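The next block holds one structure in the form of structure tokens; read it before the comments.
Number of protein chains: 2
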Amino acid sequence: MLTVTRHENLPADHPCAGCEIRMRTFCSVLDASELEKFRCQGSTGRLDPGRPLFHQGDPADVIFNLTKGSLRLYKLLPDGRRQVTGFLFPGAFLGLAVRDVHAFSAEAIEPVEVCRYSRSRFDAFVDEHPRMERELYRIAAHELALAREQLVLLGRKTANERLATFLLTLLKRMREHEPGADLIRLPMSRLDIADYLGLTKETVSRVFTAFKTTGLIRLLSDDQVLVLDCAKLECVANG
Amino acid sequence: MLTVTRHENLPADHPCAGCEIRMRTFCSVLDASELEKFRCQGSTGRLDPGRPLFHQGDPADVIFNLTKGSLRLYKLLPDGRRQVTGFLFPGAFLGLAVRDVHAFSAEAIEPVEVCRYSRSRFDAFVDEHPRMERELYRIAAHELALAREQLVLLGRKTANERLATFLLTLLKRMREHEPGADLIRLPMSRLDIADYLGLTKETVSRVFTAFKTTGLIRLLSDDQVLVLDCAKLECVANG
DNA sequence: CGTCCTATTGAACAGATTCAATTACCGTGG
DNA sequence: CCACGGTAATTGAATCTGTTCAATAGGACG
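If you're matching them up, the sequences are chains A and B in order. Residue 31 in our numbering sits at position 31 of the first sequence, with consecutive numbering throughout. Residue 357 in our numbering sits at position 118 of the second sequence, with consecutive numbering throughout.
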């Protein structure tokens, strides 16, 4: 979602003080010591894989900074069909719903650590710091652009194109941290990927196999993908 | 997208002065006479059906208030596949891209009238009126929520569910203006609907026929749908 | 009344799903 | 160290939903 940066000015006892990632989103407005003001009591949270951080419909009175692990965000249909709307990685903020309840659920994919902040105190801060509004707007507008790209993927792309696009997005994210990287880690299951791409886990698996066969990727393990031919993958991604 | 309201304080020579709809979005901050400050020279625009207001990639230096008619917003894949990301109706604002170029194209569906405003003057105004930022954020967050609902539709719903959901959305919009209404006008073609719902025009047509056959709707004409059984339509929409 | 465009309908087809079976992997305990 | 059990991933075959391509019908307009 957004690039991250090292933080330098957190109190030593801060739960995030040991982790090297830090949300850059608010950096222009909010440094880490400012952020500190909104910390909740018992501000650190740990989640085992599969555990929910919150569910759709839960009151959105806390905001989170994901400091370790990864999350899936999803919506459910009444009969249980699931659409994963996104994956979050360390550095991401979540819980910034406009409504007072969450519009989707958030679950840990791997062991997760989050920092909790008081929503009401954060809101009050925003009231007093108008430039924060601009930051929030920027974030929402960025997410909106991403969501619309995903509309194109879900509405018009084939299974091959979907998975290729997905892998390239992850690769691009990797390369923001580590230029030239070609190894993608997939903490999420095939089912998660399928529910993100509007496919079934079987189809995702078959497309992985097809990409292996055609020399686009190599699977080092279920969750480690080596991108062998990035250019060709981009061709596949865009039809 | 957003409810509209009458305007009372526009100059008599304003191109929007004759139309009864007005964007309510900025009402808490911006009244119509304020908005007036951002008007461009030759601020009224008219568009014939099928004509573009702007294309993906065009510089986003003007913002528009749609005062008459309707627009489709869409993105294209290199090979011409199209995903319609939304339809806009009178009262809608558009052109508020964060980037300096548009991320999608906008075309008239019916004869359209827009009011043009200077983007740079508007931006300057926003700089001076922090509460505008909040308004912009609210809008973006709302659109984001809608886009995510559409992700569920495209990723996980069947053709029947998609069309039922679409008709209900339009009906709900109608009923905000006119409670109890059961007649939907469809200014867009079957192809537009198909490209919005991730289907083909043939499938859309077939589902319309199926809905007619099962007594859910009646087609008064190609672009007039009478909803006969709203409750049952809702059942279809949610699986 | 004829033309043009859109919508509808039909029939064959295709891509993805479903259901079922097999394989691979990982941690546990003998 | 290896056998075992459980979970996730892969593969196969049949099926199905929606697409594609083609033909027909319907409406608006000159």
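Just so it is clear, CB atoms sit at the ideal spot from N, CA and C, and this is done for glycine as well. This one's a predicted model, so the numbers in the text were calculated from it and none came from an experiment.
Other residues of its chain near residue i: CB distance less than 7 Å, five sequence neighbours each side excluded
i	result
A/Ala-181	Met-174, Arg-175
B/Leu-467	Gly-454, Leu-455, Ile-456, Arg-457
B/Lys-471	Leu-455
A/Glu-133	Val-126
B/Gly-478	Glu-400
A/Arg-185	Asp-223, Gln-224
A/Leu-226	Asp-182, Leu-183, Ile-217, Arg-218, Leu-220
B/Glu-367	none
A/Pro-52	Ser-105, Ala-106, Glu-107
B/Arg-429	Lys-440, Val-443, Ser-444
A/Lys-68	Cys-19, Pro-90, Val-112, Glu-113
Beta-carbon contacts of residue i that lie in its chain and below 8 Å, excluding the five residues immediately before and after
i	result
B/Lys-533	Nothing can be reported for residue 533 of chain B, as the shown portion of chain B is limited to 240 through 478.
A/Arg-99	Ala-60
B/Leu-375	Leu-335, Val-365
B/Ser-282	Pro-254, Cys-354, Arg-355, Tyr-356
B/Asp-431	Arg-311, Val-323, Phe-326, Ile-348
Cβ-Cβ separation, residue j to residue i (assumed contact under 8 Å), whole Å
i	j	result
B/Ala-386	A/Leu-154	About 11 Å separates the two Cβ atoms, so there is no contact after all.
B/Ala-476	B/Ala-403	4 Å
A/Leu-66	A/Pro-49	No, A/Leu-66 and A/Pro-49 are not in contact; Cβ-Cβ is about 14 Å, not under 8 Å.
B/Ala-379	A/Ala-92	B/Ala-379 to A/Ala-92, Cβ: 18 Å. No contact.
B/His-341	B/Gly-296	7 Å
B/Phe-293	B/Met-427	Actually they do not touch by this definition, with Cβ atoms about 18 Å apart.
B/Cys-354	B/Phe-405	Incorrect: roughly 28 Å between the Cβ atoms, too far for contact.
A/Cys-235	A/Leu-171	Rounded, the Cβ-Cβ distance is 14 Å, inconsistent with contact.
B/Leu-390	A/Leu-168	Not confirmed; about 19 Å, so no contact.
Spatial neighbours of residue i in its chain, beta-carbon cut-off 6 Å, leaving aside the 5 residues before and after
i	result
B/Tyr-435	Val-323
B/Ala-433	Thr-439, Lys-440, Val-443
B/Arg-321	Tyr-313, Leu-315, Asp-434
A/Gly-198	Leu-154
Chain A contact residues for residue i, given Cβ-Cβ distances below 9 Å
i	result
B/Ala-345	Ordered by position in chain A, no residue passes the 9 Å Cβ test against B/Ala-345, which lies about 13 Å from the chain.
B/Gly-296	Under the 9 Å cutoff, chain A gives no residues; its nearest Cβ is about 14 Å from B/Gly-296.
Closer than 8 Å at the beta carbon, the chain B residues around residue i
i	result
A/Asn-238	Leu-316, Pro-317
A/Ala-103	Ala-384, Arg-387
A/Arg-138	Val-337
Chain-ordered chain B contacts of residue i [CB-CB under 7 Å]
i	result
A/Gln-83	Leu-390, Val-391, Gly-394, Arg-395
Contacts that residue i makes with chain A (C-beta to C-beta distance below 7 Å)
i	result
B/Pro-369	Pro-130, Glu-133
B/Ala-380	Val-98, Ala-140
B/Gly-437	Leu-154, Gly-155, Arg-156
Near the ligand GDP: residue i beta-carbon under 7 Å from a heavy atom
i	result
B/His-341	By its list of ligands, the structure shown contains no ligand whatsoever, and the ligand GDP lies outside what it can speak to.
Given 8 Å, three or more beta-carbon pairs between the stretch 65 to 85 of chain A and the stretch 106 to 113 of chain A: With contact defined as three or more Cβ pairs closer than 8 Å, the stretch 65 to 85 of chain A and the stretch 106 to 113 of chain A are in contact.
Inter-stretch contact at 8 Å, needing at least 3 Cβ pairs: the stretch 395 to 403 of chain B / the stretch 115 to 134 of chain A: no
Unbroken stretches of the alpha helix (DSSP H), 4 residues or longer, contained in the stretch 176 to 214 of chain A: 190 to 197, 201 to 213
Every unbroken alpha helix (DSSP H) inside the stretch 58 to 134 of chain A [4 residues or more]: 119 to 128
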